[in-house]
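Q: Per the UniProt record's numbering, residue 1 is the first one in the sequence shown, and the count goes up by one each step. Provided herewith is a single structure, encoded as structure tokens, for subsequent inquiry.
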Amino acid sequence: MIRYLKTFVTAAETASFSAAGARLGLTQSAVSAQIQRLEDDLGVALFERTGRAVSLSDDGRRLLAQAQGVIAGYQAMRGEAGARDAQATLAPIHVGAILTVQLGLLPGAVQRWTALGAMPHLNIVPGMSVQLLAQLDARELDLAVMIRPRIGVPADMKWLMLMREPYVAIAPKGTRGDVAHWAGSLPFVRYNRRSYGGDLVERYLKRHRLWVREGVELDEPEVILRMVRARLGWSIVPATLIGLPSHGNAADKPTRTGVQVLPLAGEPLTRELGVLARQSALKRAPVATLMQCLTEAAHSLG
1 MIRYLKTFVT AAETASFSAA GARLGLTQSA VSAQIQRLED DLGVALFERT
51 GRAVSLSDDG RRLLAQAQGV IAGYQAMRGE AGARDAQATL APIHVGAILT
101 VQLGLLPGAV QRWTALGAMP HLNIVPGMSV QLLAQLDARE LDLAVMIRPR
151 IGVPADMKWL MLMREPYVAI APKGTRGDVA HWAGSLPFVR YNRRSYGGDL
201 VERYLKRHRL WVREGVELDE PEVILRMVRA RLGWSIVPAT LIGLPSHGNA
251 ADKPTRTGVQ VLPLAGEPLT RELGVLARQS ALKRAPVATL MQCLTEAAHS
301 LG
């Protein structure tokens, strides 16, 4: 109906349906049809028609100012909505990330992000995957780069897989023997069983009947790597994001990280890393762009 009001005001200003049509990009018959529809809706005649000439009726003159006010109010509403959209586009993006993602994946993604020019501020929030999921549920985060939840993806969120990260066994540099020997002779520096990634390790140990000597239990693979490098025991950790090779044998893999690396026997053990984002956040173009940057950074890691 706003369109019809604009046609009415233009016809009143030009005193001609054909001139109003030329200004609005409409045919004269289209202008006449819109005016007729508006008159039917309002229950009054807005114009007096004499041949091809038109002039405002008494009701038309009375309603013209109101029509102009309605149009102005609508344009103000559109301007306010546009301002809110622009503000939402520039609002900070709150990104949750597990520590290995912060160290191994985010630098490359943020480098791509900043190369795009003026973009919203990124607020990086650390945490375990289970904690980040809770913060997403509480709407404290727009998205989280984390391990895929075991409980499934909530209906109001979307999961984008970035990579599958293989696990390896690590021991202090120079340690001999196989994984079974390590399990029997060294303390086990455990990836926290309450985390999604640590639960995968626990299942692997049970499946392969590896009984370990319990040592310390930690949340983050990067910290576990440092503990093993300090000769506090052996461990099973995801490899890629902490700079470990994911294949080879003890003879040829004393790595530059100062640990010995062995592949795990049996079916490959991997964790799925990706982005869990709220559907409402994905409607913001900068969020979709950030997810693309994360995808490209993950692919570059091979």
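Heads up, the beta-carbon is just placed ideally off N, CA and C, and yes, glycines get one too. No experiment lies behind these values; they were computed from the predicted model shown.
1. Would you say the segment 113-121 touches the segment 262-271, given that touching needs at least three Cβ pairs under 8 Å?
2. Pull up the CB-CB distance for Pro187 and Val228, whole angstroms please, since I reckon it's below 8 Å.
3. Work out the CA separation of Glu140 and Thr295 for me, nearest whole Å.
4. Evaluate Ala155 with the Cβ neighbour count: other Cβ atoms within 10 Å of its Cβ, from every protein chain shown; 16 or more gives buried, anything less gives exposed.
5. Between Leu210 and Ala183, how many whole angstroms is the CB-CB distance? I'm expecting something under 8 Å.
6. Going by the beta-carbon positions, is the gap between Tyr204 and Ile147 smaller than 8 Å?
7. Are the segment 271-288 and the segment 215-230 touching by the rule of at least three beta carbon pairs closer than 8 Å?
8. Does the separation of the CB atoms of Pro166 and Ser246 fall below 8 Å?
9. Taking only the alpha-carbon atoms, compute the straight-line gap between Ser16 and Leu276 and give it to the nearest angstrom.
10. Where does Pro221 fall in DSSP's three states?
11. Which of helix, strand or coil does DSSP assign to Ala15?
12. Are three or more beta carbon pairs between the segment 214-222 and the segment 278-293 nearer than 8 Å?
13. Candidates Pro107, His208, Trp234, Arg207: which alpha carbon is nearest Gly215's?
14. Taking just the CA atoms, how far does Gln28 sit from Gln34?
15. Which residues in the same chain as Leu290 place their Cβ atom closer than 7 Å to its Cβ, once the five residues preceding and following it in sequence are excluded?
16. Going by the beta-carbon positions, is the gap between Ala285 and Ala109 smaller than 8 Å?
17. Going by the CB atoms, is the gap between Ala169 and Val179 shorter than 8 Å?
18. Fully enclosed by the segment 119-157, which beta strand (DSSP E) runs are 3 residues long or longer?
19. Given that a residue counts as buried once 16 or more other Cβ atoms are within 10 Å of its Cβ, and exposed if not, what is Pro263?
20. Under the three-state reduction of DSSP, which class applies to Ser246: helix, strand or coil?
21. Rounding to the nearest angstrom, what Cα-Cα distance links residue 308 and Ala288 in this structure?
22. Closest to Gly174 by CA distance: which of Val261, Gly60, Gly25, Leu24 is it?
23. Looking at the unbroken alpha helix (DSSP H) that takes in Arg203, where does it start and where does it end?
24. Based on the DSSP output, what are the partners of Thr10 in its beta bridges?
25. So who's on the other strand from Gly184, going by DSSP bridges?
26. Examine chain C for any beta-carbon lying closer than 8 Å to the beta-carbon of Ala22, and answer yes or no.
27. Enumerate in chain order the residues of its own chain whose CB-to-CB distance from Ala67 is below 6 Å, with the five nearest sequence positions on each side excluded.
28. So, at 6 Å on beta carbons, what are the nonlocal neighbours of Val101 in its own chain, with the 5 sequence-adjacent residues on each side left out?
29. Compare the C-alpha of residue 338 against each of Gly198, Leu301, Tyr74 and name the closest.
30. Give me the Cα-Cα distance between His208 and Glu202, rounded to the nearest whole angstrom.
A: Taking the definition as stated:
1. Short answer: they don't touch.
2. Taking the first residue of the sequence shown as 1, we reach residue 187 at position 187. Taking the first residue of the sequence shown as 1, we reach residue 228 at position 228. In this structure Pro187 does not touch Val228 by the C-beta definition: roughly 10 Å separates them, more than the 8 Å allowed.
3. If you number the sequence shown from 1, residue 295 lands on position 295. If you number the sequence shown from 1, residue 140 lands on position 140. Cα to Cα, Thr295 sits roughly 23 Å from Glu140.
4. Position 155 of the sequence shown, counted from the first residue, corresponds to residue 155. Ala155 is exposed by the Cβ-count criterion.
5. Residue numbering aside, residue 210 sits at position 210 when the sequence shown is read from its first letter. Residue numbering aside, residue 183 sits at position 183 when the sequence shown is read from its first letter. Sure, about 5 Å apart at Cβ, within 8 Å.
6. As a working mapping, residue 204 is identified with position 204 in the sequence shown. As a working mapping, residue 147 is identified with position 147 in the sequence shown. No, these two residues do not count as a Cβ contact at 8 Å.
7. Taking 8 Å as the limit for Cβ pairs, the verdict is that the segment 215-230 does not touch the segment 271-288.
8. Along the sequence shown, read from residue 1 onward, the residue named residue 166 stands at position 166. Along the sequence shown, read from residue 1 onward, the residue named residue 246 stands at position 246. Cβ atoms of Pro166 and Ser246: closer than 8 Å.
9. As a first step, residue 16 must be located in the sequence shown, where it is residue number 16. As a first step, residue 276 must be located in the sequence shown, where it is residue number 276. C-alpha separation (whole angstroms): 58 Å.
10. Stepping through the sequence shown from its first residue, residue 221 is reached at position 221. Three-state DSSP puts Pro221 in a helix.
11. Within the sequence shown, numbered from 1, the residue matching residue 15 stands at position 15. In this structure, DSSP gives Ala15 a state outside helix and strand, which the three-state scheme calls coil.
12. Under the 8 Å Cβ criterion, the segment 214-222 does not count as touching the segment 278-293, having fewer than three qualifying pairs.
13. Position 215 of the sequence shown, counted from the first residue, corresponds to residue 215. For Gly215, the closest alpha carbon among the candidates Pro107, His208, Trp234, Arg207 is that of Trp234.
14. On the sequence shown, position 34 is the one that residue 34 refers to. On the sequence shown, position 28 is the one that residue 28 refers to. The alpha-carbon atoms of Gln34 and Gln28 are separated by roughly 10 Å.
15. As a working note, residue 290 is residue 290 in the sequence shown. For Leu290, where only same-chain residues beyond five positions count, the Cβ hits under 7 Å are Ile93, Trp113.
16. The residue given as residue 285 occupies position 285 in the sequence shown. The residue given as residue 109 occupies position 109 in the sequence shown. Going by C-beta atoms, Ala285 is not nearer than 8 Å to Ala109.
17. Residue mapping note: residue 179 aligns to position 179 of the sequence shown, counting from 1. Residue mapping note: residue 169 aligns to position 169 of the sequence shown, counting from 1. For Val179 and Ala169, yes; Cβs fall inside 8 Å.
18. For the segment 119-157, whole beta strand (DSSP E) runs of length 3 or above, ordered along the chain, are 122-126, 143-147.
19. Taking the first residue of the sequence shown as position 1, residue 263 is located at position 263. Its Cβ being crowded by 16 or more others within 10 Å, Pro263 is buried.
20. Position 246 of the sequence shown, counted from the start, is the residue given in the question as residue 246. Collapsing the DSSP output to three states places Ser246 in coil.
21. The chain is shown only over 1 to 302; residue 308 falls outside these bounds and no answer can be derived.
22. In the sequence shown, counting from the first residue as 1, residue 174 sits at position 174. When each option's Cα is compared against that of Gly174, the closest is Val261.
23. Position 203 of the sequence shown, counted from the first residue, corresponds to residue 203. Start and end: 196-207.
24. Counting from 1 along the sequence shown, the entry for residue 10 is found at position 10. Looking at the DSSP assignment, Thr10 forms no beta bridge with any residue, so it has no partner.
25. Within the sequence shown, the letter at position 184 stands for residue 184. Answer by DSSP bridge pairing: none, since Gly184 is not bridged.
26. Going by chain labels, chain C is absent from the structure shown, which holds only one protein chain.
27. Taking the first residue of the sequence shown as position 1, residue 67 is located at position 67. Contacts found: Leu5, Phe8, Val9.
28. Translated into the one-based positions of the sequence shown, residue 101 becomes position 101. Within the same chain, Val101 has close Cβ partners Val145.
29. No information on residue 338 is available, as it lies outside the stretch 1 to 302 that the chain covers here.
30. Taking the sequence shown and counting its residues from 1, one reaches residue 208 at position 208. Taking the sequence shown and counting its residues from 1, one reaches residue 202 at position 202. CA-CA distance, His208 to Glu202, rounds to 10 Å.
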